[in-house]
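*Asks:* Residue numbers (our numbering): 230 to 1422.
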């Protein structure tokens, strides 16, 4: 942060140094205006006196503005009075129209909108009302000021840039540490800078800080600063006057090296040391005081504070050898060019002036003064000013008003004095002065420059011999002009030749004032080649020579001469310039015609092509032709797409080619020969001719170029004649038989060694006569004999089911390994002939198709018959069951059979969900597999074997009663498929073979019993499964049972049964997974009784429960056989809920908790009454006072 001072200025700095009146009342100034009109405060006081205000009231009203504001208003009012006197207008009775005229004069003098706004405010203090409204609020004045802002927007001031972190880093080391030993200058810099950046306050607020006890308070961990109570901020309100600065301590108790480094930036510590060291010479209670004479110990000014802040940054950058933009160290600097400035009479003169390193507003004002005698500085005459319209002296008034003399502002701090036509009387000293806006007079406020005016001695004369030139392209020409000067000063001439063929003059070649030849950007190459020259000849003649005229040289030519003088600073300055028209040049371009003698050309393949390119021209003398032949596929194609065949340059050097030759018949004819023409050579041929002429330096220049009309050339091919024959070497009789087709080329005529044959195979689906025939591509072969397979046959070709081959040069073969029904249809082939070109590429010249061949065979429906035969008509349980299945088929080629044995069980058998069980199977490859056979005791009890090719035998060992049912053979016939695979042809089902046991043994029954089927939750359910026997009595050791328990969770038995547990005949128990907390157990309590218990019943244990019994009986031979499954009738188990037991424990727990909470509440209330309310509460006595009247308040 570098504060940019917006300093107010005193009256003297804003007034003209030559117009400082000190007249007494009643006197007049030099221009005759009464002094009383200049006294703005006097006029304002007189207006207030007319209002019958007392002296004290008027004094208070006049203090509405600060002193600096009153001075600025007074200066602006004086300017308005001078202008009114010059315009012969009474300033006190001026209306809005006169005020706007005054402001317009300021606009002409390039005054800013802010300056004009300040002048309106100053005039409003004396003329408060115009046309019944406040002057400053008149709509026309407001619109005028807005218009000025639009025309001349305010300049944006760019502040210097610097890096805060670098400056703070410098504060932790020398020369800013240690605070108790460093110089007072650096100590004040550091304290002032840290206070400014931490408080972010205005410079005037920093100046108002004090060290008085109540205004500078050191607390434990912070510092509080308050401004002087007499300080008036810019916004004079209680809030802004009472604001204080609170600065916390920075690392007050450092404990590490980093914190100790940061503590060196602690402002509380720095201010305490600063106050102590300044105490010995302090003369003011202000925080910041001067440390050097003559004001040592007194309060610093705002300018000094701003300067010190800037110097703090500059000191760091000086020590670091880094420049900071905008740092001011030497004060205001006013600069003008070094003199003397030599200028020519009658020319425009510009004298720049700028000011730098100043304080105050960014926009600075300038005054220009003139003196004919440099030794007598007192005889200065006012010329023009940027801020005072009345500044100009009478002798310059007409020239300034007419615009011959004016000030042109280039920036806020730079202007130019412009003299439109300088006169000999303008020779002398010019002084540029800037009124001060600095609080301290430091630097230079004016600068002078000497101007010398010399007579116009420059003479420029053009050549009068020939003003119009009619040239042919390539002709030379020369232009002359004369330039001389008789100036009294040492001047140089700058001669330039220029050309115009339109609106803008182009520089051709110049001889500069430093005696250097300088070509224009468009003529640089021609100057280097010597085509364009400029020669300085005798008698001040300057000649422009062009060795060869081009069409672009047509236009007007002039000679421009400028006079230059070297200024005192060593730079060259152009003081005047003159030009003269020399000639108009017309260049006729070279005529050139190009054509080919033949129009439409037809050539047979392998023959030669002859074309001739002729050109005509009107040019005589030395020239050379360059011819190029082109080939294009289209007549309108772009030139860059055309192919160059052959060319002959201007030296008759022809590019080499084996098949193409170019011969130079005569000067204007070139013959093209193309040998061994091919089909791809068909197209458009044209030639391009260019004429070249020699140049001055021996090089050649192209003067004309034309292209002929393209000639179409058609190359007819020699087609070979041949036929194509397609036959089926192998025809299928059944599906899956192979098919082989041969496509043969026959009767070949006109066949050459450069002809190649390829084939394309097509398939045509046979359709009805009224449908469109669709052809599908099977495969095609390109010119390189690369096979491209179609979508129809791509997958089968990859699998090797379709093979494309070429067994001979004239034969192509298609083989289908396994023909399917989808392959029925018509096949044909197309033989393509290809011709080789010169570039070894191939072009198709002919296609010949064969007659189609139909691939069809007679088809009949497949038939399959299966017969099952039972080998033993009657057998008992435990014997072996045996049956055979005989198969016969028709219309199936080499079939194979797969056999599946199935059994249809009675309705009361639950071993299969749908009543049919798959037992064992034998596939077409004779692989046996058990299907749904799950009897673990008879794993190898079933056998299926193949007796003959069409006969199969099934055996079942140790049959049981549960094996009763209908047995069938399910046979599938398979035929060979593609790739060694088998394809299913047809299925067959045999007649059923029944197994029915006739027994006279015991009959078993089962029933379920329970003493108490209705129970409460968590009680025990006891179920008994009782088995009874009817018929023959058996020994208990010859009986065994598999008992399973099931439950149906519904009343109506409409849900599937749920398995609960089982106990097999070997005593192994199996229990299903349960989701609830109840459990089950099984036991055999008697030979014919089985017990099932449910422990801890839950709601989900209800339902119909039953048992399923599978009896096993041992025969006299010691073989166990399974009897028919027996299912008991269900018994319904009901689970109830015990309401009393369910609510007993929750009620007891609730009553207990309620009692405990009540006792605890009583105890808390008793303790609160004993200890919290022990002290008596005394009522506060209220004083009775009578109300004060509003008048007294």
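Even for Gly, the Cβ is constructed at its ideal location relative to N, Cα and C. These numbers were taken from a predicted model, which means no experiment stands behind them.
#1: From the DSSP secondary-structure annotation, give me the bridge partner or partners of residue 1359.
#2: Express the C-alpha separation of residue 640 and residue 414 in angstroms, rounding to a whole number.
#3: What does DSSP give as the partner residues of residue 481 in its beta bridges?
#4: Can you find at least 3 beta carbon pairs, one from the region 890-910 and one from the region 1036-1050, that sit closer than 8 Å?
#5: Starting from residue 748, trace the beta strand (DSSP E) in both directions and tell me its first and last residue.
#6: Please report the straight-line C-alpha distance between residue 802 and residue 610, rounded to a whole angstrom.
#7: I'd like the list of long-range same chain contacts for residue 1307, defined as Cβ closer than 7 Å, with 5 residues on each side in sequence excluded.
#8: Can you look up residue 1271 in the DSSP assignment and give me helix, strand or coil?
#9: What ranges does the alpha helix (DSSP H) occupy inside the region 855-923, keeping only unbroken runs of at least 4 residues that lie completely in it?
#10: With residue 1153 and residue 1167 assumed to form a contact (beta carbons below 8 Å), what rounded beta-carbon distance in angstroms separates them?
#11: Whole angstroms is fine: what's the gap from residue 1260's alpha carbon to residue 1204's?
#12: Looking only at its own chain, which residues have a Cβ that is under 8 Å from the Cβ of residue 1211, when we skip the five neighbours before and after it?
#13: Only counting the same chain, and skipping five residues up and downstream in sequence, which positions put a Cβ closer than 7 Å to that of residue 911?
#14: Report the option in 1182, 1288, 1296 whose CA atom is closest to the CA atom of residue 1303.
#15: Alpha carbon to alpha carbon, how far is residue 812 from residue 727? Give it in angstroms, no decimals.
#16: Can you grab the Cα-Cα spacing for the pair residue 1279 / residue 1244, in whole Å?
#17: Beta-carbon separation of residue 477 and residue 450 under 8 Å?
#18: Please name the residue, chosen from 302, 711, 938, that lies closest to residue 829 on a Cα-to-Cα basis.
#19: Exposed or buried, which one is residue 1366 when buried takes at least 16 other CB atoms within 10 Å?
#20: Please confirm if residue 850 has its CB atom under 8 Å from at least one CB of chain B.
#21: So is residue 651 buried or exposed if we call it buried at 16+ other beta carbons inside 10 Å?
#22: Between which two residues does the alpha helix (DSSP H) harbouring residue 758 extend?
#23: Between residue 1396 and residue 1386, what straight-line distance do the alpha-carbon atoms span, to the nearest angstrom?
#24: Along the chain, which unbroken stretches of the beta strand (DSSP E) at least 3 residues long are found entirely within the region 683-745?
#25: Does the distance from the C-beta atom of residue 565 to that of residue 581 stay below 8 Å?
#26: State the Cα-Cα distance for the pair residue 867 and residue 861, rounded to the nearest angstrom.
#27: Could you name the residues that DSSP lists as bridge partners for residue 1185?
#28: Quick one: what's got a C-beta closer than 6 Å to residue 1269's C-beta in the same chain, skipping five residues either side?
#29: For residue 1132, is the classification buried or exposed, using 16 other Cβ atoms within 10 angstroms of its Cβ as the cut-off for buried?
#30: Grab the span of the beta strand (DSSP E) containing residue 394 for me, first residue to last.
#31: Which two residues bound the contiguous alpha helix (DSSP H) that contains residue 348?
#32: Entirely within the region 791-855 and at least 3 residues each: give me those beta strand (DSSP E) ranges in chain order.
#33: Use the C-beta contact count for residue 1346: other C-beta atoms within 10 angstroms, 16 or more gives buried, fewer gives exposed.
#34: Excluding sequence positions up to five away, which residues of its chain have a Cβ less than 6 Å from the Cβ of residue 948?
#35: With a threshold of 8 Å, are at least 3 pairs of Cβ atoms found where one atom belongs to the region 1085-1096 and the other to the region 1004-1016?
#36: Measure the alpha-carbon distance for residue 1035 versus residue 951 and round it to whole angstroms.
*Replies:* Here's the rundown:
#1: For this step, residue 1359 is matched to residue 1130 along the chain shown. Residue pairing by DSSP leaves residue 1359 without any beta bridge partner.
#2: What you label residue 414 is simply residue 185 of the chain shown in a count that begins at 1. What you label residue 640 is simply residue 411 of the chain shown in a count that begins at 1. Between residue 414 and residue 640, the C-alpha separation is close to 36 Å.
#3: Taking the chain shown and counting its residues from 1, one reaches residue 481 at position 252. BP columns for residue 481 are empty, so no partner.
#4: These segments do not touch.
#5: Indexing the chain shown from 1 puts residue 748 at position 519. Here the beta strand (DSSP E) through residue 748 covers 746-748.
#6: In the chain shown, residue 802 corresponds to position 573, counting from 1. In the chain shown, residue 610 corresponds to position 381, counting from 1. Distance between the alpha carbons of residue 802 and residue 610: 27 Å.
#7: For the purposes of this step, residue 1307 is identified with residue 1078 of the chain shown, where counting begins at 1. The residues are 1323, 1324, 1325, 1326, 1327, 1330.
#8: If you number the chain shown from 1, residue 1271 lands on position 1042. Reduced to three states, the DSSP call for residue 1271 is strand.
#9: none
#10: One-based indexing of the chain shown puts residue 1153 at position 924. One-based indexing of the chain shown puts residue 1167 at position 938. Not a contact, Cβ separation roughly 27 Å.
#11: Start at 1 with the first residue of the chain shown, and residue 1260 comes out as number 1031. Start at 1 with the first residue of the chain shown, and residue 1204 comes out as number 975. About 57 Å.
#12: Residue mapping note: residue 1211 aligns to position 982 of the chain shown, counting from 1. Within the same chain, residue 1211 has close Cβ partners 1125, 1153, 1203, 1204, 1205.
#13: The residue you call residue 911 lines up with position 682 of the chain shown. Once the five neighbours on either side are set aside, the close Cβ partners of residue 911 are 942, 943, 944.
#14: As a position in the chain shown, residue 1303 is number 1074, starting the count at 1. In terms of Cα proximity to residue 1303, the closest of 1182, 1288, 1296 is 1288.
#15: Along the chain shown, one-based indexing puts residue 727 at 498. Along the chain shown, one-based indexing puts residue 812 at 583. Counting only the Cα atoms, residue 812 lies some 11 Å from residue 727.
#16: Taking the chain shown and counting its residues from 1, one reaches residue 1279 at position 1050. Taking the chain shown and counting its residues from 1, one reaches residue 1244 at position 1015. Cα to Cα, residue 1279 sits roughly 17 Å from residue 1244.
#17: In the chain shown, the residue the question calls residue 477 occupies position 248. In the chain shown, the residue the question calls residue 450 occupies position 221. Result yes, Cβ atoms of residue 477 and residue 450 sit closer than 8 Å.
#18: Taking the chain shown and counting its residues from 1, the one referred to as residue 829 is at position 600. Comparing Cα positions, the closest option is 938.
#19: Walking along the chain shown from the start, residue 1366 turns up at place 1137. By the 10 Å Cβ count, residue 1366 comes out exposed.
#20: The structure shown has no chain B; it contains just one protein chain.
#21: Translated into the one-based positions of the chain shown, residue 651 becomes position 422. With 16 or more Cβ atoms within 10 Å of its Cβ, residue 651 is classed as buried.
#22: In the chain shown, counting from the first residue as 1, residue 758 sits at position 529. Looking at the DSSP string, the run of the alpha helix (DSSP H) that includes residue 758 is 753-758.
#23: The residue you call residue 1396 lines up with position 1167 of the chain shown. The residue you call residue 1386 lines up with position 1157 of the chain shown. C-alpha separation (whole angstroms): 16 Å.
#24: 687-691, 697-701, 706-714, 721-729, 734-740
#25: For the purposes of this step, residue 565 is identified with residue 336 of the chain shown, where counting begins at 1. For the purposes of this step, residue 581 is identified with residue 352 of the chain shown, where counting begins at 1. Cβ distance < 8 Å, so residue 565 and residue 581 count as in contact.
#26: As a first step, residue 867 is located in the chain shown; it is residue number 638 there, counting from the start. As a first step, residue 861 is located in the chain shown; it is residue number 632 there, counting from the start. Near 9 Å, if we compare the C-alpha coordinates of residue 861 and residue 867.
#27: For the purposes of this step, residue 1185 is taken as residue 956 along the chain shown, with counting starting at 1. DSSP lists 1110, 1171 as partners of residue 1185.
#28: Stepping through the chain shown from its first residue, residue 1269 is reached at position 1040. Closer than 6 Å at the Cβ level, and outside the excluded window around residue 1269, lie 1294, 1341.
#29: Working through the chain shown from its first residue, we reach residue 1132 at position 903. It is buried - the Cβ of residue 1132 has at least 16 other Cβ atoms within 10 Å.
#30: Position 165 of the chain shown, counted from the start, is the residue given in the question as residue 394. Residue 394 -> not in any beta strand (DSSP E); alpha helix (DSSP H) instead, spanning 393-399.
#31: Translated into the one-based positions of the chain shown, residue 348 becomes position 119. Note, residue 348: alpha helix (DSSP H), 342-355.
#32: 801-817, 821-825, 830-833, 838-846
#33: Within the chain shown, the letter at position 1117 stands for residue 1346. Looking at its Cβ environment, which holds fewer than 16 other Cβ atoms inside 10 Å, residue 1346 is exposed.
#34: In the chain shown, counting from the first residue as 1, residue 948 sits at position 719. Answer for residue 948: 1074, 1075, listed in chain order.
#35: no
#36: What you label residue 1035 is simply residue 806 of the chain shown in a count that begins at 1. What you label residue 951 is simply residue 722 of the chain shown in a count that begins at 1. Between residue 1035 and residue 951, the C-alpha separation is close to 18 Å.
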